[in-house]
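Novice: Basically my numbering = 1-based index in the sequence shown + 8.
Don't be surprised by glycine CBs; every beta carbon is placed ideally from N, CA and C.
Please read all numbers here as calculations on a predicted model, not as lab measurements.
Have a look at this one.
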Amino acid sequence: MKWIATAVFLLLLPALAIAQSDTTQIVPDNLTVSSEVNKTTLPQNDTLVLTVSFRVHGDIDNYSFHEIKPPVVSNLKLFKTSSANRTTEENGELITYREYRFYYLPISIGMGYIDPAILTYDFL
């Protein structure tokens, strides 16, 4: 009889950190930031996707956003990144969406960790 063992890779959920030069207000009311992973356990040959996104209500020209860098990880290997932007109008208000995706493969069996992704911006 042949036994097939499936290695499962456990992942701690990522956090999202927000940094800015003006520390009097951490996140303006018109800025929404979120992050998520597509799964919390990962077979050894599967892919983990970390999605970091933010949404700005109103004039995005009031901000200068820096690109979100891949967060520091352990026991994971980054093999692909992607980003997308779109702007819509809802009830007469402009809404801009930006999304960053980071694709990871597990390196070995065990725990994997993702440090916070950091969004930095300047208010103009």
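1. From which residue to which residue does the beta strand (DSSP E) around T84 run?
2. Could you pull the start and end residues of the beta strand (DSSP E) that H65 belongs to?
3. Is R106 buried or exposed, if buried means 16 or more other CB atoms sit within 10 Å of its CB?
4. If I measure Cβ to Cβ from N60 and keep anything under 7 Å in the same chain, skipping five residues before and after, which residues do I get?
5. How many Å lie between I115 and V81 at the Cα?
6. Give the straight-line distance between the Cα atoms of T104 and Q52, rounded to the nearest whole angstrom.
7. Give the DSSP-derived three-state secondary structure of D69 in the structure shown.
Specialist: Answer, in terms of the structure:
1. Strictly speaking, residue 84 in this sequence is Leu, with Thr absent from that position. L84 to E98 is the extent of the beta strand (DSSP E) around L84.
2. L56 to H65
3. R106 comes out buried.
4. Before going on, a small fix: residue 60 reads as Val here, not Asn. L24, S43, I76, Y108 and A125.
5. Cα to Cα, the separation comes out at about 11 Å.
6. Taking the CA atoms as reference points, T104 sits about 36 Å from Q52.
7. helix
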